[in-house]
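According to numbering that gives the first Met the number 0, the sequence shown is numbered sequentially starting from 0.
By construction, the Cβ of each residue, glycine as well, lies at the ideal position given by its N, Cα and C atoms.
Data block below; observations after.
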Amino acid sequence: MAEKHDESRRKFLSRPVKIIPAVALAGTGMAQVSGALAQSAPGESLAGYKPVYFQEDEWQFLLAACDRLIPAEEAGPGAIAAHVPVFIDKQMLTPYGDGGLWYMQGPFHPDAVPELGYQLKYTPKEIYRTGIADTQAYCQKQYAGKRYQDLTEEEQIKVLSGLESGDVVLENIPGKTFFQYLLTNTKEGYFSDPMYGGNQQLAGWKTVGFPGARADYMDWIEQPNKAYPLGPVSIEGKRG
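Here's what the structure looks like:
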């Protein structure tokens, strides 16, 4: 059974996502954030973390949604234990969050074909703020006034699936767009270096067997399909 869980998680986490470049993993925007912002305090509890961008209701939505996207299971810790929401929150204060790395002048064409790339007026900050508000309004309408975080796990999964497929129609922003950002940033937070807030205790790297920032792999280049026996190491030298 554990092997089945591990296989399903690996397939999910490796699913390709058609979205704007993942700047956090590439370092394009995160490299410009100050050291104090990028750091996650040693031993910092997620319960005691104070969001720097998200408001309380938005934060509770984010916690619930990330928990559904990468739940804790036998294969490894989930998004909450890895502090993925912290990563997403801090990412909003980078040039990425403000759309500072994109061309953001009109005209905008919400109905443009995918081949033309991103055509909306929203920055990532605004995608989250607008998408969360629209999703909460949808939930309250469909589930007798309940917010997303108050729904059952099955209902939460149904809402996310509806956003992904486009069956859930939001008022101001395409549900698919909001979902793809949420999914992409959740994956980034799970696999980023811990210095950016997510992947605490190197949870994501240990789950998939990624060795991290070790300096020398020469002994393993000619050993394909053989598990690397050493634990991961972060950029700052943290070991898992």
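The alpha helix (DSSP H) enclosing residue i, as first and last residue numbers
{"i": "Asp83", "result": "Asp is not the amino acid found at residue 83; the sequence shown has Val there. Unbroken alpha helix (DSSP H) run through Val83: 83 to 90."}
{"i": "Gln59", "result": "55 to 68"}
{"i": "Lys175", "result": "174 to 190"}
{"i": "Trp204", "result": "202 to 207"}
{"i": "Pro123", "result": "123 to 141"}
{"i": "Val51", "result": "Note, Val51: premise wrong, no alpha helix (DSSP H); not H, not E."}
{"i": "Ile156", "result": "152 to 164"}
Distance between beta carbons of residue j and residue i, contact taken as under 8 Å
{"i": "Thr185", "j": "Val83", "result": "5 Å"}
{"i": "Ile79", "j": "Asp66", "result": "5 Å"}
Bridge partners - residue i, DSSP secondary structure assignment
{"i": "Arg238", "result": "Val232"}
{"i": "Gly211", "result": "Val232"}
{"i": "Glu72", "result": "Gly75"}
Of the listed residues the options, nearest to residue i (C-alpha basis)
{"i": "Gly236", "options": "Asp218, Ala212, Met217", "result": "Ala212"}
{"i": "Asn224", "options": "Phe209, Pro231, Ile234", "result": "Phe209"}
{"i": "Val51", "options": "Gly96, Phe177, Pro193, Val167", "result": "Gly96"}
{"i": "Ile126", "options": "Tyr142, Tyr180, Tyr102", "result": "Tyr180"}
{"i": "Tyr102", "options": "Val158, Tyr216, Leu119", "result": "Leu119"}
{"i": "Phe107", "options": "Leu100, Tyr117, Glu57", "result": "Tyr117"}
{"i": "Asp56", "options": "Pro76, Thr93, Ala132", "result": "Ala132"}
{"i": "Ile69", "options": "Gly230, Pro193, Tyr189, Gln90", "result": "Tyr189"}
{"i": "Gly230", "options": "Glu72, Ala214, Glu152, Pro113", "result": "Ala214"}
{"i": "Gln59", "options": "Leu150, Ser233, Ser191", "result": "Leu150"}
Residue j beta carbon less than 8 Å from that of residue i
{"i": "Ala81", "j": "Gly197", "result": "yes"}
{"i": "Leu61", "j": "Phe53", "result": "yes"}
{"i": "Leu169", "j": "Gly130", "result": "yes"}
{"i": "Gly98", "j": "Thr122", "result": "yes"}
{"i": "Tyr137", "j": "Glu154", "result": "no"}
{"i": "Ala63", "j": "Thr206", "result": "no"}
{"i": "Pro193", "j": "Leu201", "result": "yes"}
{"i": "Gly239", "j": "Trp204", "result": "yes"}
{"i": "Lys240", "j": "Met91", "result": "No statement about residue 240 is possible, as the shown extent of the chain runs from 0 to 239 and does not include it."}
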